[in-house]
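Sequence order for the protein chains is U and P.
Take the first sequence: its position 285, counting from 1, is numbered 285 in our numbering, and each next residue is one higher.
Take the second sequence: its position 274, counting from 1, is numbered 781 in our numbering, and each next residue is one higher.
Protein chains: 2
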Amino acid sequence: MVRDKTHQETYEKLCDTAREAAMLDRIQCLLEWDERTKMPPAGGAYRADQAAYMAGLTHQKKTAPEIGAWLGALADCPLAADPNSDTGTVIRCLQRDYNKRARLPQSLVEELTRMSVLGQQRWAEARRDNDFTGFQPLLQKMVDLKRQEAAALGYETTPYDPLLDDYEPGASTAEVARVLKELREALVPLVAAIADSPHGVDASIVTRNFPIEAQESFGTEAAAAIGFDFAAGRLDVTDHPFCTGLGPGDVRITTRYDEHAFSDAFFGILHEAGHGIYDQGLPRADYGLPTGEDVSLGIHESQSRLWENQVGRSLAFWEYFFSAAQRAFPSALGSVQLPEFYSAINDVRPSLIRVEADEVTYNLHILIRFELELALIEDHLQVADLPAAWNEKYQHYLGIAPPSDAEGVLQDVHWSAGLFGYFPTYALGNLYAAQFFAQAQQDLGGLEEPFRRGQFGPLREWLRENIHAQGRRYTPAELVQRITGNPLSHEPLMAHLTSKYGEIYRL
Amino acid sequence: MVRDKTHQETYEKLCDTAREAAMLDRIQCLLEWDERTKMPPAGGAYRADQAAYMAGLTHQKKTAPEIGAWLGALADCPLAADPNSDTGTVIRCLQRDYNKRARLPQSLVEELTRMSVLGQQRWAEARRDNDFTGFQPLLQKMVDLKRQEAAALGYETTPYDPLLDDYEPGASTAEVARVLKELREALVPLVAAIADSPHGVDASIVTRNFPIEAQESFGTEAAAAIGFDFAAGRLDVTDHPFCTGLGPGDVRITTRYDEHAFSDAFFGILHEAGHGIYDQGLPRADYGLPTGEDVSLGIHESQSRLWENQVGRSLAFWEYFFSAAQRAFPSALGSVQLPEFYSAINDVRPSLIRVEADEVTYNLHILIRFELELALIEDHLQVADLPAAWNEKYQHYLGIAPPSDAEGVLQDVHWSAGLFGYFPTYALGNLYAAQFFAQAQQDLGGLEEPFRRGQFGPLREWLRENIHAQGRRYTPAELVQRITGNPLSHEPLMAHLTSKYGEIYRL
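Right under this line is the structure:
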C-alpha cells in the first residue's frame, strides 16, 4: 500500500510536469501561429530569439533529470503493467519521448528553433522573389543541423530513420519506401488510363470568379457543418495553410485565397478543419498528457485527408452542398449543373503544386519529396544540386517541368522549417484515410445517404470514438490493425481511386 | 583593471538576465494581446493557466538570488557611479525593480495573473449582461489580493502607495491627491462657464453614419501620418482599446468602432498610436534593459494624450486632414464646414463614459475612480457598496446619473484586471502632455504651421529625442523638470483648455 501510494505520487508529479511542458509547448505554438498570421514584418528577428529561448526552456523542462528518475521508479510498477491503460500509456509514451529528447543538446534545440523561424521568413521572401540561390545557404545550414540532430539521436540504418520517427513514431524508412513503391506501381497505370481517357473534364468552371469574402463565409459554413467548432477555434489567412492546437478549447486553422481557384481554399479549409476536428476531439481532461495527444502526423493527416477527399470531394457531399454553393457564387455557378461541377473538382491532371494537386497524382508529389530529402539527409545530394534534381523528378514522375523554382523546389515551407521526415506522413495519411473510411462505411452501413442529408455527425462520432478519444494509447500500426483488422495497405486507397475515377473518366 | 573586468562581466550577466526576463514578459504580452483580440471563447480557462504559469516563470527569473548578488557586487562600482549614465541607469532601475519584486511571493504573483485573465473575461460578460452582482465576488477577491500585495510590498502611509508606485515610480498618493485637487478647483469653474455659454456646439455631425471600413482606413492613414510605423505594428479590434509592445519591431494597438460615433474610434486610434510611437521610439539596441524601457505609465499616457488632444483635436490638424475626411465620409461630412466639424469634435458635455469624454471633463472621471479605488484599497468602502458610491460621485462631480451599471461602474476593464493605482496616471498624463507640448511649441517656434501642412515629423522627433530616447534614465519628476525647467503643474493644461475652449465657447 505504501509502495502504491508512492508510485501514485510519483506518477502525479510526472503528469504535472508533462502538463507544464505542454503549456510551454502551446505557447511556442502561439508564437508561431502569430508569426505566420499576424506579426508585422519588423517583428521577425526578435520573435526568432523568443522562440529559440522558449524552445530551450521547454527542452529543459522535458529533459530534467528528475523525470528520468521518476520514469525509472515507475518502470516496473503496477501503473505501467498494462501498456494500453491510461497510466500505462502515459508512462510508456513519456519514457519514449524522454529517451529520445534527452539525447539532444539544448544548444542544438535552440539553434534549430531559431533557424526554423528565420528559415520560414527567408523562405517566404525567396519564394516571392524566385531566388533559390539566396535561400541556399540557409537551407544548407538546416540540412547540416538536421544531420547533427540525427547523429545525436542515433540510428542503425539511415540518418533519416530518427527524423521520420519524430513524426511517425515507430515507422522506418525502409517500410515507408516499400509502401510508397507499392502505391506508385498501382498509381502510375491509373494516371496513364485517366490521361488516355477520351472523356476529359472541364475544370475551367472552378477557375471562374469566386469573390474571396464569399469563399471565406462558404468555407466557414462547410467547416462548421462537418463539425469544426468555431467557439473553440478560428480561421485565418496564411501563405502556407496549417492547423495548430493552442489549448483544449483553442484550435486554429488557416488557408489562402485565390479569386480564380475555388478548390484551393475550399478543400484547404476542409482539410485543415479535419485536422482541427481531431484536435478538438482529443480527451480534454487529459490535455498535455499522452492520453490526450494525437498519435502521429500520419494519423493526423488521415483525418484531414478523409474530410477533404473521401467526404469533401464525394458526390453525396455536393448533393447536399451544391445549392448553397450556387447561392454563394451565383455568377460562377448559377448556371452550372452538379455533374459538371463534381467532375471539375475531381479533375485529374499532373500539376506543379502539391497542395493544389488532385487526389490521384498527389502521392507522386510526396514521392518526389521523400526521395529528395532522403538523399539530402544521407548526403547523396547536395543542396546546390537540389533544383535540378527537383525538376528532373517532376519530369520523370509527372511529365512536367516547373518553369521557375518558385513553382518548383521553393513551393513548400517544410525544409526551411527543418521538417525533414515530415512529407511521407502525407502519403501515409492518404492510405490511413482510405482504410479508415472503408471501415467506417462498413460499420455505419453506408455514408452516402447521411451525407446527402448533410448529416456528418455519425462519421465524426465514429472517428471520435475509434481514433480521437484514444490519444496515444496505440501506435499508428496498432491503431490501424485494431480498427480495420488489417495492417496498413495501399489497397483501400487504390480501390477508392479506381472506382471513383473509373466512373468519372469512364475507364 | 582586474576588478573592472569583473564588474563588466557581472554587469553583462545582469543585462543578459534582464533581456531574457523581458522576452518572457513580452510573451505574456502576446498571450494577453491574443486573448483580447483573437482567442476563441472556449480558450479562456487554459489561457489563464498559461498566463499564470508564465508569470511565475518570469517572477522566478526576475527574483533569482544571483541577481541580488550581482546587484550587490555592482552597487558601489564605477559603472554605477553616475546614476544617469547607461550603466548607472541599468543598475539603479534593476535594483529598484528587484527590491520591490523580491518581496512578492510567487504564489501571489501567479494567483494575481490567473485572476486578472479570468477577471477580464468575467468583466466582459458582466458588462454585456449589466450584472454587477455576478461580478462582485471576483472583484472582492481581486481587492483582497491587491491588499495582500500592498502588505507584502510594505508602506508607510497607505496601502495605495506601493500599488501606485508600480505604475508611476516615485509618485505618492498624497502628491497625486494634491495635484488632482488643484486641477479640479481650476476645472470646475471652466466646466460651469462652458455649460452656461449661450454658444452651444452641434455635436450631432459626428454621430451621423460613418461606415466602419472607412473609419478603419482613415484612422490607419492618420496614425501612419503622425508616425506610427505599420511595418513594425498593427491595429486590431477589442472591447477595451490598448497598446502593447511585443518586441523592438512589433507594437500593437487596438480600437473599437461604432458606426455612429466618429470620435470614439478616430481619437482612440490617435491615442493608441501615440502610445505606440513612444514604444517604437525607445532605443532598440537596449530592448529589455531599463535604458530601452518607458519611464512610467504617466509619461506613456502623456504621449497618447498629446497626439490625441494637443494634436488631433487642434484646428491646425484638421486644416490638413478635413478634406481627406470629407472624401472618406462623403455622406456624413460632404456638406459640413471645417469650423462646425472642429466644434463638434470639441463638444464639452458631462458624460457617462470615460473613454468617450471630452478633454475638459475627462479628468473628473479620473478623480472619481481615484477616490473610489483608494477607498477600496484602504478598506473604507466595500465592494458591495461600490455601484451606489459610483453613481453618487457621478451625480456630485458631473451632475449625471448612470442609468445602468454597464454604463457606470462596469465600464472599465481595469479593476477586473487588478489594475489599482493605474487610473491616476491618466490624469498625470494629461498634465505632462500639456506641459511637454507647450515646451515643444516654444522650442520649435510654433507647431500650427507644420500641422497645417501635414508635417508631424518635427514634433515627433522632439518627443523622440527628449523623451523616447531617454528610456528610464530619469524619473518622471526629473524628466519634466529637465525638459520644461519646471516641476509638474496643472497650469499648462489649464492654460491650454482655457484658451482653446474660451474661443470655441466664446467665454
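Cβ coordinates follow ideal geometry from the N, Cα and C atoms, glycine included.
- Take the alpha-carbon of D250(U) and the one of R763(P): they are about 24 Å apart.
- In the DSSP assignment, T714(P) falls outside any beta strand (DSSP E) and carries neither an H nor an E.
- K393(U) has its alpha-carbon roughly 14 Å from the corresponding atom of P403(U).
- In this structure the segment 793–803 of chain P lies against the segment 980–995 of chain P, because at least three pairs of beta carbons, one per stretch, are closer than 8 Å.
- Closer than 9 Å at the C-beta level to chain U, one finds these residues of the segment 544–557 of chain P: T544, K545, M546, P547, P548, A549, G550, G551, A552, Y553, R554, D556, Q557.
- Secondary structure note for C93(U): its alpha helix (DSSP H) is the uninterrupted segment 86–101.
- By the rule that beta-carbons nearer than 8 Å mark a contact, A261(U) does not touch chain P.
- Restricting attention to L190(U), A51(U), A192(U), V206(U), the CA atom closest to the CA of S335(U) is found in V206(U).
- With a threshold of 8 Å between beta carbons, F836(P) makes no contact with chain U.
- When secondary structure is reduced to three states using DSSP, R122(U) falls in the helix class.
- Restricting attention to H747(P), A702(P), R654(P), the CA atom closest to the CA of S858(P) is found in A702(P).
- C-alpha of A222(U) to C-alpha of T238(U): approximately 19 Å in a straight line.
- Chain U has no Cβ within less than 8 Å of the Cβ of P669(P).
- When 8 Å is used as the limit between beta carbons, L537(P) is near these residues of chain U: L30, L31, D34, in chain order.
- The Cβ-Cβ distance between E689(P) and L804(P) does not fall below 8 Å.
- Between Y474(U) and chain P, the shortest Cβ-Cβ separation is not below 8 Å.
- Taken through DSSP and simplified to helix, strand or coil, I852(P) comes out as coil.
- Shown here, R741(P) sits in a strand according to DSSP, grouped into three states.
- Interface criterion met: the Cβ of L753(P) is under 8 Å from a Cβ in chain U.
- Residue I277(U) holds the alpha-carbon nearest to the alpha-carbon of L459(U) among R147(U), I277(U), L145(U), T87(U).
- Closer than 8 Å at the C-beta level to chain P, one finds these residues of the segment 217–234 of chain U: D229, F230, A231, A232, G233, R234.
- The C-alpha of V920(P) is placed about 26 Å away from the C-alpha of D854(P).
- Within the DSSP secondary-structure output, G754(P) pairs in a beta bridge with D757(P).
- Between the segment 554–562 of chain P and the segment 13–25 of chain U there are three or more inter-stretch CB-CB distances shorter than 8 Å, so the stretches are counted as touching.
- One Cα belongs to A124(U), the other to T133(U), and the distance between them is close to 14 Å.
- Distance from the CA atom of L180(U) to the CA atom of F735(P), rounded to whole angstroms, is 53 Å.
- Taking all protein chains shown into account, N870(P) has 16 or more neighbouring C-beta atoms within 10 Å of its C-beta and is therefore buried.
- Within chain P, Y553, D556, Q557, Y560, M561 have C-beta atoms less than 9 Å from the C-beta of M23(U), given in sequence order.
- Judged by beta-carbon spacing, L879(P) lies beyond the 8 Å limit of Y667(P), meaning their Cβ atoms are not closer than that value.
- Contact with chain P is absent for E175(U), since none of that chain's Cβ atoms lies less than 8 Å from the residue's Cβ.
- DSSP places N486(U) outside any alpha helix (DSSP H), giving it a letter other than H or E.
- Relative to the Cα of R654(P), the nearest Cα in the group W922(P), P572(P), M546(P), E956(P) belongs to W922(P).
- D250(U) reaches chain P at M546, P547, A549, G550, Y553, R554, counting residues in chain order whose Cβ is nearer than 8 Å.
- Under the criterion of beta carbons closer than 8 Å, A571(P) and F725(P) do not qualify as touching, at roughly 48 Å.
- By the rule that beta-carbons nearer than 8 Å mark a contact, E632(P) does not touch chain U.
- T762(P) is bridged by DSSP to V744(P).
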